[in-house]
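Below is one structure; the comments refer to it alone.
Protein chains: 2
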Amino acid sequence: MAVAEHTTKAFDNDLQELGRMIAEMGGLAERQIVEVIEALTKRDMERAGRVVLADAAIDSLQRNIEERAVVTIARRQPMAIDLREVVGVLRISNELERIGDLAKNIGKRVIALNDGEISRRSMRGVRHMASLALAQLRDALDSLARRDLVKAGAVRVRDEEVDRMDSSMFRELLTSMFEDPGTIAASIHLVFCTKNIERMGDHATNIAEAVQYIIEGSALPDELARSPDADMHPLAVEF
Amino acid sequence: MAVAEHTTKAFDNDLQELGRMIAEMGGLAERQIVEVIEALTKRDMERAGRVVLADAAIDSLQRNIEERAVVTIARRQPMAIDLREVVGVLRISNELERIGDLAKNIGKRVIALNDGEISRRSMRGVRHMASLALAQLRDALDSLARRDLVKAGAVRVRDEEVDRMDSSMFRELLTSMFEDPGTIAASIHLVFCTKNIERMGDHATNIAEAVQYIIEGSALPDELARSPDADMHPLAVEF
């Protein structure tokens, strides 16, 4: 009994530490999104460079979380529900790492864009898309902290709006390329940026699903799951 | 002693089963690359559609491997080196899942491309790039099966060629868009295709690094690690 209690206590401490690490990682990922969108809309290449460099901290946190999670499983031998908690944390740290990579990608695009021309309208669109994706991420992390199933479920719904914006911005940029071939290079960079933002939304949705998995032990049916790496929304197919 | 032996035997069986599952997943990922490049170069939309659907099998294998790995860790409490083996398997299954997503993305692009014009030269380039990425993946999986450090190390070197081809194809497609705006939409789809192939190479490289981690217990220094989600090679920045 004393041993079991000791193990439970030790496991709870491990879980708390994992929770702290995930919160730190989530905070970093949020900040990377904010920073890189500022860098993009203000054409601040130095700031973009800092975002690119800062990604290493997120990668390193992910490795630490992975190690800590695996050691926790090996030492404490948690049963079903507790195991799910650790697996959920592992999944979420993977998703956050990928959001970090996407912010880094955008940072590289900002540098490559240099002073290439981008319309104000497109910039407004990017900013709006990014604010939606950021809100998704915040809600997903919040649903984790509060164990809030309703909030987790709402993240997916918002994802559809991000996808729609990505498709409409793509069509808009395509039109501007037709009308003014001089904007082609800059527009392609921006197409990649919006695609990266759209994928951030997918990863935020996956985090929300991991929260559902932790709480309920069930994921959504496979056919509903968004592919985190999908670089294209079905809506975008028809153009 | 009997208990320890029993545990060791059971752990070995678990490891073997995990190895079998990874081999199956690797085989599926290889086939998806072959199929989707055939679909692209032959403009076979039906085949592309099958690739998109077949991705679910890879996703499901990844979940199974994750569960099996975590249960193995919890039940057998492996020590350092054995733990590394299981963590390595977990990482590799993540990378394979992402390669599968990338093949699916290309499948969607093939469908979106429809009968949009693509030059023979570009198609040859795509085919060549894909054969390089496929060779990387095969070598990475082979280095895992044979525990071959030299082969694992060689995967990274080949990755540079894939990156260079991606950059040169990008410049080529950009030129064709300037010269003939009618090709813009098709060319953008192809830019995404080559980017997806380039990222397959990054994931193959990550698999090779996971093999090194399993064998040697050390990963390459962080600053050398390729970002798996990087949608842009530094070489591509200057255009």
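These protein sequences, in sequence, are chains R and D. Going by our numbering, 223 is the number at position 223 of the first sequence; the sequence numbering is gapless. One gets our numbering by counting positions in the second sequence from 1 and adding 1000 to each. No residue lacks a Cβ here, since even glycine has one placed at the ideal position from N, Cα and C.
- request: Check whether the Cβ of D/VAL1162 lies closer than 8 angstroms to any Cβ atom in chain R.
  value: no
- request: May I ask which residues mark the beginning and end of the alpha helix (DSSP H) holding D/SER1176?
  value: 1149-1179
message: Can you confirm whether D/ILE1214, when its beta carbon is compared against all beta carbons of chain R, has any partner nearer than 8 angstroms?
response: no
message: If contacts are defined as beta-carbon pairs under 8 angstroms, then D/LEU1134 and D/GLU1030 qualify, I think. What distance do you get, rounded to the angstrom?
response: 7 angstroms
message: Please state the DSSP three-state secondary structure of R/ILE118.
response: coil
query: For R/MET129, which three-state DSSP category applies?
result: helix
message: Check whether the segment 157-168 of chain R and the segment 119-138 of chain R touch, using three or more Cβ-Cβ pairs below 8 angstroms as the test.
response: yes
message: If you reduce the DSSP assignment to three classes, tell me which class D/GLY1217 lands in.
response: coil
field: Where R/GLN269 sits in the DSSP three-state scheme
entry: Since the first and last residues shown for chain R are 1 and 239, residue 269 of chain R lies out of range.
message: I want to verify the contact list: residues of chain D whose CB lies under 8 angstroms from the CB of R/ILE73, in sequence order.
response: VAL1070, ILE1073, ALA1074
query: Can you tell me where the alpha helix (DSSP H) with R/ASP44 in it begins and where it stops?
result: From DSSP, R/ASP44 is part of no alpha helix (DSSP H); its letter is neither H nor E.
task: Count the other CB atoms, across all protein chains shown, that sit within 10 Å of the CB of D/ILE1081; report buried if there are 16 or more and exposed otherwise.
output: exposed
R/HIS203, buried or exposed, once every other Cβ within 10 Å from all chains shown has been counted against 16: buried
Below-8 angstroms beta-carbon distance, D/ILE1065 vs any chain R residue: no
message: Only counting the same chain, and skipping five residues up and downstream in sequence, which positions put a Cβ closer than 6 angstroms to that of D/MET1169?
response: GLY1125, THR1194
- prompt: The alpha helix (DSSP H) spanning D/GLY1100 covers which residue range?
  reply: 1080-1113
- prompt: Nearest to D/GLU1117 by CA position, among D/GLN1016, D/MET1025, D/LEU1190, is which residue?
  reply: D/LEU1190
message: Once the 5 residues before and after D/MET1177 are set aside, which same chain residues still bring their CB inside 7 angstroms of it?
response: THR1183, ILE1184, SER1187
field: Interface flag, D/VAL1034 vs chain R, CB-CB below 8 angstroms
entry: no
Pairwise C-alpha distance: R/MET21 and R/PRO78: 19 angstroms
query: Three or more C-beta pairs closer than 8 angstroms, one from the segment 1141-1154 of chain D and one from the segment 1066-1074 of chain D: is that the case here?
result: no
query: When burial is assigned at 16 or more other CB atoms within 10 Å of the CB, is D/THR1008 buried or exposed?
result: exposed
CB contact flag (D/VAL1051, D/VAL1071, <8 angstroms): no
- request: Just mark D/THR1175 as buried or exposed, buried being the case when its beta carbon has 16 or more other beta carbons within 10 Å.
  value: exposed
query: With R/ALA10 and R/VAL110 assumed to form a contact (beta carbons below 8 angstroms), what rounded beta-carbon distance in angstroms separates them?
result: With a Cβ gap of about 45 angstroms, R/ALA10 and R/VAL110 do not count as contacting.
field: R/PHE267 versus D/ALA1057 - alpha carbon distance
entry: Any property of residue 267 of chain R remains undetermined from this structure, which presents chain R solely from 1 to 239.
- prompt: Quick one: Cα of D/MET1165 to Cα of R/ILE207, how far?
  reply: 34 angstroms
- request: Within the same chain, show all residues whose beta-carbon is closer than 6 angstroms to that of D/ARG1121, passing over the 5 residues directly before and after it, in chain order.
  value: none
field: Assigned exposure category for D/ARG1091 - 16 Cβ within 10 Å defines buried
entry: buried
- prompt: How close, in whole Å, do the beta carbons of D/ILE1106 and D/LEU1040 come, if the pair is a contact with beta carbons under 8 angstroms?
  reply: 6 angstroms
- prompt: How long is the line joining the alpha carbons of R/GLU17 and R/VAL86, rounded to whole angstroms?
  reply: 11 angstroms
message: Could you tell me the alpha carbon to alpha carbon distance between R/ASP142 and R/ASP148, rounded to whole angstroms?
response: 8 angstroms
field: Candidates D/GLN1032, D/ARG1127, D/LEU1144, of which the one nearest D/VAL1162 by Cα
entry: D/ARG1127
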